[in-house]
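Just so we're aligned, residue 517 is where the sequence shown starts under my numbering, counting upward by one.
What follows is a single structure, written as structure tokens, with notes after it.
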Amino acid sequence: MEFFWWFFTIVLFAVGLIGTVVPALPGTTIILAAAIIHRAMVGAEKSIGWKTMIILVLLTLVSYVFDFVGSYLGTKYFGATKWGAFGAILGALIGLFFGIIGLFAGPVIGAVAGEFIAGKRMIDAGRAGWGSLLGNLGATTGRLVIALVMITIFLVNVPSPF
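Shown next, in the form of structure tokens:
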């Protein structure tokens, strides 16, 4: 039975990795859930300890912060006003309800709209939108790295059944 739970955990890890780049899936949350399920099913002596579990929870939270901070920093780096940065964050929140396209387009549209509200020219608003897109790509890269770190921490801290 332990082999089944290892297989199940690895499948969830793979889905979690995909979820870090496909916005519709909560990647690091799935990886955390896999670790929790593994511990619950095989027992504490054959799985990760509480300290490791706390580290995985904290890494999951950090990955979610990346989503909002990435758009904000990207827009600010490309010279956006506070309105453009706020628009990028608001666009990211609204984009959550419109699937994959909304998750990428929302922050860009929000940043551009925020810059227009601030009275900026089209070229400046476009730069803010571009910065938001690059910030999102950076956040996605960060989430992927965190997901790989989480899986590595799990595998290093769990005794192998093989």
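Just so it is clear, CB atoms sit at the ideal spot from N, CA and C, and this is done for glycine as well.
Exercise for the section: Could you give the DSSP three-state label for V581: helix, strand or coil? Expected result: helix
Problem - A560 classed as buried or exposed, judged by whether at least 16 other C-beta atoms fall within 10 angstroms - result: exposed
Exercise for the section: Grab the span of the alpha helix (DSSP H) containing T545 for me, first residue to last. Expected result: 543-558
Practice task
Apply the 10 Å Cβ neighbour rule to W566 and answer buried if 16 or more other Cβ atoms are within range, or exposed otherwise.
Solution key: exposed
Exercise for the section: Please determine, among I570, T668, A663, the residue with the shortest C-alpha to C-alpha distance to Y580. Expected result: Taking only the C-alpha atoms, the option nearest Y580 is A663.
Problem - Buried or exposed by the 16-neighbour rule on C-beta atoms within 10 Å, applied to R643 - result: buried
Handout entry: Cβ neighbours of G603 in the same chain (closer than 6 Å, five flanking residues each side left out)
Key = G626, A627, A629, G630
Exercise for the section: Pick out whichever of S563, G535, V538, F519 has its Cα sitting closest to the Cα of V674. Expected result: Closest by alpha carbon: S563.
Practice task
Take A556 as the anchor and find which of L533, I571, E518 has the nearest alpha-carbon.
Solution key: E518
Handout entry: Rounded separation between F614 and I667 - CA only
Key = About 29 Å.
Handout entry: Which listed residue (F524, A641, T545, T525) has its alpha carbon closest to that of R659
Key = T545
Practice task
State the start and end residues of the unbroken alpha helix (DSSP H) segment that holds T525.
Solution key: Where T525 is concerned, the enclosing alpha helix (DSSP H) stretches over 518-537.
Problem - Inter-residue spacing [alpha-carbon to alpha-carbon] between F524 and A550 - result: 8 Å
Practice task
Go ahead and label L649 buried or exposed: buried means 16 or more other beta carbons lie within 10 angstroms of its beta carbon, across all protein chains shown.
Solution key: Residue environment analysis places L649 among the buried positions, since at least 16 neighbouring C-beta atoms fall within 10 angstroms of its C-beta.
Problem - Close Cβ partners of P542 (< 7 Å) along its chain, the five nearest in sequence each way excluded - result: G535
Problem - Continuous alpha helix (DSSP H) stretch holding G635: start and end - result: Segment: none, G635 is in no alpha helix (DSSP H) and carries neither H nor E.
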